[in-house]
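Below is one structure, written out as structure tokens, with a few remarks after it.
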Amino acid sequence: MSQIAVNVEGISKIYRLGVKERGSDNIAGMIWDFVRSPLNNFRKYRSLYRFDEAELQGLEAENGQMDDILWALKNVSFSVDEGEVVGIIGGNGAGKSTLLKILSRITPPTRGEVTIRGRVSSLLEVGTGFHPELTGRENVYLNGTILGMRKREVDERFDEIVAFSEVEKFLDTPVKRYSSGMRVRLAFAVAAHLEPEILIVDEVLAVGDAAFQQKCMNKMQDVGKEGRTVLFVSHNMPAVTSLCDRVIWLDRGTKVSEGPAREIVGEYLLAGRSTMACRQWNDTDTAPGGRFARLLATRVITEKGDVAEHFDIQQPVGIQMEYEVLEGGEVMLPHFRVKNEDGVLVFVTLDHDPEWYQRPRPAGFYTSTVWIPGNFLNEGPYFVDCALITRHPDIPQFNELAVLSFAIAGSMEPGTARGDWPGRLKGVVSPVLEWKTDYRKG
Amino acid sequence: MDSKSDNAPIVRIRPPGKWEGIDFQELKDYRDLFFFLVWRDIKVLYAQTIMGFAWAILNPLIQIVIFSIIFGKVAKLDTDGIPYVLFSTVAIIPWTYMSEAMSKASQSLVAGQSMLGKVYFPRVLFPITPVLAKLVDFSISLLLLIAVMAYYQVPPTWNVLLLPFLILLMMIIPAGIGLWLSALSIRFRDVKFAMPFLIRMLIYSAPILYTASSIPDEYRLIYSLNPIVAVIEGFRACLLGTEIPWQFILPGTIVAVILLVTGAIYFRKMERVFVDVI
Numbered sequence: 006m007s008q009i010a011v012n013v014e015g016i017s018k019i020y021r022l023g024v025k026e027r028g029s030d031n032i033a034g035m036i037w038d039f040v041r042s043p044l045n046n047f048r049k050y051r052s053l054y055r056f057d058e059a060e061l062q063g064l065e066a067e068n069g070q071m072d073d074i075l076w077a078l079k080n081v082s083f084s085v086d087e088g089e090v091v092g093i094i095g096g097n098g099a100g101k102s103t104l105l106k107i108l109s110r111i112t113p114p115t116r117g118e119v120t121i122r123g124r125v126s127s128l129l130e131v132g133t134g135f136h137p138e139l140t141g142r143e144n145v146y147l148n149g150t151i152l153g154m155r156k157r158e159v160d161e162r163f164d165e166i167v168a169f170s171e172v173e174k175f176l177d178t179p180v181k182r183y184s185s186g187m188r189v190r191l192a193f194a195v196a197a198h199l200e201p202e203i204l205i206v207d208e209v210l211a212v213g214d215a216a217f218q219q220k221c222m223n224k225m226q227d228v229g230k231e232g233r234t235v236l237f238v239s240h241n242m243p244a245v246t247s248l249c250d251r252v253i254w255l256d257r258g259t260k261v262s263e264g265p266a267r268e269i270v271g272e273y274l275l276a277g278r279s280t281m282a283c284r285q286w287n288d289t290d291t292a293p294g295g296r297f298a299r300l301l302a303t304r305v306i307t308e309k310g311d312v313a314e315h316f317d318i319q320q321p322v323g324i325q326m327e328y329e330v331l332e333g334g335e336v337m338l339p340h341f342r343v344k345n346e347d348g349v350l351v352f353v354t355l356d357h358d359p360e361w362y363q364r365p366r367p368a369g370f371y372t373s374t375v376w377i378p379g380n381f382l383n384e385g386p387y388f389v390d391c392a393l394i395t396r397h398p399d400i401p402q403f404n405e406l407a408v409l410s411f412a413i414a415g416s417m418e419p420g421t422a423r424g425d426w427p428g429r430l431k432g433v434v435s436p437v438l439e440w441k442t443d444y445r446k447g
Numbered sequence: 130m131d132s133k134s135d136n137a138p139i140v141r142i143r144p145p146g147k148w149e150g151i152d153f154q155e156l157k158d159y160r161d162l163f164f165f166l167v168w169r170d171i172k173v174l175y176a177q178t179i180m181g182f183a184w185a186i187l188n189p190l191i192q193i194v195i196f197s198i199i200f201g202k203v204a205k206l207d208t209d210g211i212p213y214v215l216f217s218t219v220a221i222i223p224w225t226y227m228s229e230a231m232s233k234a235s236q237s238l239v240a241g242q243s244m245l246g247k248v249y250f251p252r253v254l255f256p257i258t259p260v261l262a263k264l265v266d267f268s269i270s271l272l273l274l275i276a277v278m279a280y281y282q283v284p285p286t287w288n289v290l291l292l293p294f295l296i297l298l299m300m301i302i303p304a305g306i307g308l309w310l311s312a313l314s315i316r317f318r319d320v321k322f323a324m325p326f327l328i329r330m331l332i333y334s335a336p337i338l339y340t341a342s343s344i345p346d347e348y349r350l351i352y353s354l355n356p357i358v359a360v361i362e363g364f365r366a367c368l369l370g371t372e373i374p375w376q377f378i379l380p381g382t383i384v385a386v387i388l389l390v391t392g393a394i395y396f397r398k399m400e401r402v403f404v405d406v407i
């Protein structure tokens with residue numbers, strides 16, 4: 006029976022951005038302002054964190070539209086079960102970091118209550134409190150105790166920490182003589198050996214070289230498998246989908262949605278875009294089309310034929326158009342253009358179904374589907390133009406730009422182009438290619 | 130795992146409310162961190178210096194020399210017949226400790242603000258750390274004191290038994306002032322600029338350069354409210370074997386304790402919002 010480890014109820018956090026400065030435009034006014042400034046400053050700095058109940062209600066009524074007030078979080082609630090790995094995603098200013106700071110008890114909420122069962126360690130930064138004059142050994146103890154370990158616990162794990170960090174040789178050298186990579190490795194090694202019941206991690210995995218990042222990802226995965234509760238904030242969507250069971254999506258301080266990781270990440274990647282996975286024109290007058298053909302519907306589908314917006318990188322993506330041929334007797338060429346997030350045209354695909362290749366089509370209703378194989382498009386959102394022309398002469402019948410969109414989410418599972426590589430691979434496509442390496446003893 | 134989490138600690142995080150008590154259990158849980166913070170302060174203080182811990186002696190020594198020349202030889206202040214070097218050494222050594230611990234404690238939160246924003250621990254550890262760390266310097270500088278006393282052949286008396294109490298009082302004062310000023314300085318950085326000025330004021334307000342007996346009787350009660358007077362006059366009586374000045378020690382102790390308790394309460398009230406106002 007799993008218990009609730011973290012319960013967040015109606016958390017809000019308000020920041021005062023600091024009262025705006027108003028300057029006078031004449032000398033007498035400036036002098037007067039200067040004389041009065043200590044009083045004004047006193048009021049300003051005193052009021053920075055204060056919100057009385059009446060003011061809070063006023064703010065809520067006004068929907069937070071006061072210019073010096075920022076709602077970093079607004080009425081956010083969720084709960085995390087023991088042993089769950091939950092990701093928190095959202096754009097800049099979504100309130101992710103504020104949420105972590107509240108959960109880590111660094112800053113209090115303005116409203117609401119959080120209940121946490123179990124020992125928490127939070128990792129908002131690696132190497133907090135590292136002192137350059139202290140040796141590696143001393144910093145391990147200092148940093149470990151800062152992160153909430155007892156000295157005895159550091160003693161027990163000391164050898165493991167050192168082995169993980171790969172800086173054995175320099176343990177008794179002051180940290181100021183370390184390279185930045187060594188410092189980060191040592192700091193992460195301490196953090197990785199925390200054994201709290203609940204671990205709160207901000208985007209700290211993006212440190213060190215690729216090999217070390219890989220090591221960190223593996224460690225994170227182990228932590229999840231050990232049945233510990235983890236809250237994880239990241240911009241690295243593949244990391245989120247591969248580490249987390251569930252994802253909470255924040256936007257401008259409110260919770261947009263939460264659910265299975267892959268689904269929410271897909272939704273998030275597509276957010277703010279007006280297009281969708283399915284378009285239908287019920288009114289034939291407004292449906293795009295020309296003299297010979299008219300578009301009725303277009304959609305993105307899974308292998309099972311369901312409309313879907315997000316796909317795993319290994320899954321094939323079906324793009325479909327339904328159209329009506331109004332006047333028979335023309336050779337027609339339905340086609341799709343697929344563009345990525347940056348607007349780069351990835352490919353154009355033409356309907357070369359042998360049955361209709363160079364063959365005039367009679368009037369009637371058609372459904373054409375093209376399949377993009379799995380392990381082909383790279384991670385990210387895609388946009389589809391849907392078009393049809395008649396041949397000889399080439400006359401466009403319809404050409405709907407960016408009418409569909411869908412997203413591909415990466416994973417670190419074997420059988421993908423990434424394999425166990427932790428980061429997103431660059432490039433437009435991400436095919437799985439065959440490799441062969443020959444070895445010859447030198 | 131399950132059996133462990135059944136009796137797991139439950140933490141409730143709520144908006145900052147009214148006055149809160151001090152969580153001694155939590156402080157106990159963080160004692161290892163406290164130890165390492167103190168030890169860091171000690172270790173780092175004289176890092177990459179040639180003289181190292183000798184500075185703990187040089188610093189008061191130079192002050193003693195200067196004061197002895199100016200106030201002892203030139204101004205010829207009355208010291209109730211005690212040689213001026215001896216008179217000032219006994220005062221300057223606890224004073225050096227108090228002034229350094231006080232200014233370090235007051236700046237501790239601003240200096241450690243990057244840590245405050247990244248990790249939770251009882252914030253009170255910060256201002257308290259220098260109060261303990263500076264004891265190392267103090268202990269070393271006691272060697273100087275012993276040397277001066279030996280030179281003037283001052284025999285120890287039973288008054289020395291009061292010394293542990295005076296050392297405790299000497300620690301309570303910077304702790305109390307440090308709690309107040311560190312919490313204030315997070316909100317108002319003016320504290321940083323006022324600090325050197327405050328220290329200079331305190332050195333003249335306490336009987337470091339002159340004797341407390343030169344204060345006119347009608348001001349003596351007000352004068353005794355300054356807890357630093359109690360420490361300095363107490364140290365003198367203790368080490369030089371003169372009459373113990375209870376008229377200074379009692380009111381000074383009361384004021385010091387009030388400072389410590391109110392400082393802790395104010396600090397406790399403010400500590401949760403520190404990060405928001407840094």
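Each protein sequence line maps, in turn, to chains H and Z. For the first sequence, our numbering gives the first residue as 6, with consecutive numbering after it. For the second sequence, our numbering gives the first residue as 130, with consecutive numbering after it. We put the beta carbon where it would ideally sit given N, CA and C, even for glycine. These figures come from a predicted structure and were not determined experimentally.
Beta carbon proximity, Arg257 of chain H to chain Z, threshold 8 angstroms: No, no contact with chain Z.
Minimum Cβ-Cβ distance from Ala393 of chain Z to chain H less than 8 angstroms: Taking Cβ atoms only, chain H never reaches closer than 8 angstroms to Ala393 of chain Z, which makes this a no.
Cβ pair count under 8 angstroms reaching 3, the region 213–227 of chain Z against the region 263–271 of chain Z: Taking 8 angstroms as the limit for Cβ pairs, the verdict is that the region 263–271 of chain Z does touch the region 213–227 of chain Z.
Secondary structure of Ala366 of chain Z, DSSP reduced to three states: Assigned with DSSP and collapsed to three states, Ala366 of chain Z falls in helix.
Reduced DSSP category for Thr112 of chain H - H, G, I as helix; E, B as strand; rest coil: In the three-state reduction of the DSSP assignment, Thr112 of chain H falls in the coil class, being assigned neither a helical nor a strand state.
Helix, strand or coil at Glu335 of chain H according to DSSP, with G and I counted as helix: In the displayed model, Glu335 of chain H falls within a strand according to three-state DSSP.
Cross-chain neighbours of His198 of chain H in chain Z, by beta carbon under 8 angstroms: Below the 8 angstroms Cβ cutoff, chain Z contributes no neighbours of His198 of chain H, its closest Cβ being approximately 16 angstroms away.
C-alpha distance - Ile383 of chain Z paired with Ala183 of chain Z, whole-angstrom precision: Straight through space, the alpha carbons of Ala183 of chain Z and Ile383 of chain Z are spaced by roughly 35 angstroms.
CB contact below 8 angstroms: Ala204 of chain Z versus chain H: Not closer than 8 angstroms to any Cβ of chain H, the Cβ of Ala204 of chain Z fails to qualify, so no.
Selected residue, minimal CA-CA separation from Phe135 of chain H, among Z:Leu389, Z:Pro251, Z:Asp170: For the set Z:Leu389, Z:Pro251, Z:Asp170, the Cα lying nearest the Cα of Phe135 of chain H is the one of Z:Asp170.
Cβ neighbour criterion (16 or more within 10 Å) applied to Ala262 of chain Z: Here Ala262 of chain Z is buried: its Cβ has 16 or more other Cβ atoms, across all protein chains shown, within 10 Å.
4-residue-minimum alpha helix (DSSP H) runs that sit fully inside the region 242–312 of chain H, ordered along the chain: Qualifying alpha helix (DSSP H) stretches, in chain order: 242–248, 266–275.
Close-in-space but distant-in-sequence residues of the same chain around Val245 of chain H (CB under 8 angstroms, 5 per side omitted): Excluding sequence neighbours, Val245 of chain H sits near Gly92, Ile94, Phe237, Ser239, Val252, Ala266, Val270.
Spatial neighbours of Ile527 of chain H in its chain, beta-carbon cut-off 7 angstroms, leaving aside the 5 residues before and after: Lying before the first or after the last residue shown, residue 527 of chain H is absent from chain H, which here runs from 6 to 447.
Cross-chain neighbours of Glu118 of chain H in chain Z, by beta carbon under 9 angstroms: Neighbours of Glu118 of chain H on chain Z, chain order: Arg141, Ile142, Arg143, Pro144.
Classification of Val40 of chain H by the beta-carbon crowding that lies within 10 angstroms, buried from 16 upward: That one is exposed.
6 angstroms CB neighbourhood of Ser126 of chain H in its chain, flanking five on each side removed: Exclusion of the five residues before and after Ser126 of chain H leaves Leu152, Gly153, Leu199, Pro201, Leu204 as the residues of its chain whose Cβ lies within less than 6 angstroms of its Cβ.
For Ala393 of chain Z, the first and last residue of its enclosing alpha helix (DSSP H): Secondary structure note for Ala393 of chain Z: its alpha helix (DSSP H) is the uninterrupted segment 375–399.
Residues of its chain near Leu75 of chain H, where Cβ-Cβ distance is below 6 angstroms and the 5 sequence neighbours each way are ignored: For Leu75 of chain H, where only same-chain residues beyond five positions count, the Cβ hits under 6 angstroms are Tyr20, Leu22.
Integer Cβ distance of Arg396 of chain H from Val312 of chain H, believed to fall under 8 angstroms: The pair is not a contact, with the Cβ atoms about 30 angstroms apart (cut-off 8 angstroms).
Where the beta strand (DSSP E) containing Pro401 of chain H begins and where it ends: For Pro401 of chain H, the uninterrupted beta strand (DSSP E) run begins and ends at 400–414, by DSSP.
Near-chain H residues of the region 242–260 of chain Z (beta-carbon distance less than 9 angstroms), N- to C-terminal order: Residues passing the 9 angstroms Cβ filter: Ser243, Met244, Leu245, Gly246, Lys247, Val248, Tyr249, Phe250.
Run of the beta strand (DSSP E) containing Asp158 of chain Z, from where it starts to where it stops: Boundaries for Asp158 of chain Z: no beta strand (DSSP E) harbours it, while the alpha helix (DSSP H) harbouring it runs 153–158, taken from the DSSP string.
Rounded C-alpha distance that separates Lys224 of chain H from Asn383 of chain H: C-alpha separation (whole angstroms): 26 angstroms.
Chain H within 8 angstroms of Val173 of chain Z, Cβ atoms only: Closer than 8 angstroms: yes.
Alpha-carbon to alpha-carbon, Pro345 of chain Z and Met299 of chain Z: Near 25 angstroms, if we compare the C-alpha coordinates of Pro345 of chain Z and Met299 of chain Z.
Buried or exposed (CB count within 10 angstroms, at least 16 for buried), Asn31 of chain H: Per the 10 Å Cβ criterion, exposed.
DSSP-derived helix/strand/coil call for Tyr281 of chain Z: In this structure, Tyr281 of chain Z counts as coil in the three-state DSSP scheme.
Residues of the region 126–144 of chain H whose Cβ lies closer than 8 angstroms to any Cβ of chain Z, in chain order: Contacts with chain Z (Cβ-Cβ distance below 8 angstroms) from the region 126–144 of chain H involve Ser127, Leu129, Glu130, Thr133, Gly134, His136, Glu138, Leu139, Glu143, listed in chain order.
Collapsed DSSP secondary structure at Pro303 of chain Z in the structure displayed: If DSSP states are grouped into helix, strand and coil, Pro303 of chain Z belongs with the helices.
Exposure of Pro114 of chain H, with buried meaning 16 or more beta-carbon neighbours within 10 Å: Under the 10 Å beta carbon count, Pro114 of chain H is surrounded by 16 or more other beta carbons and is classified as buried.
Spatial neighbours of Lys233 of chain Z in its chain, beta-carbon cut-off 6 angstroms, leaving aside the 5 residues before and after: Within the same chain, Lys233 of chain Z has close Cβ partners Pro259.
Delimiting residues of the alpha helix (DSSP H) encompassing Ser228 of chain Z: Unbroken alpha helix (DSSP H) run through Ser228 of chain Z: 213–240.
Neighbouring residues, chain H, relative to Leu162 of chain Z (Cβ below 7 angstroms): At a beta-carbon threshold of 7 angstroms, the residues of chain H lying near Leu162 of chain Z are Thr150, Ile151, ordered along the chain.
Residues that Glu14 of chain H bridges to, as DSSP identifies them: Under DSSP, the beta-bridge partners assigned to Glu14 of chain H are H:Glu118.
Buried or exposed (CB count within 10 angstroms, at least 16 for buried), His357 of chain H: Under this definition His357 of chain H is an exposed residue.
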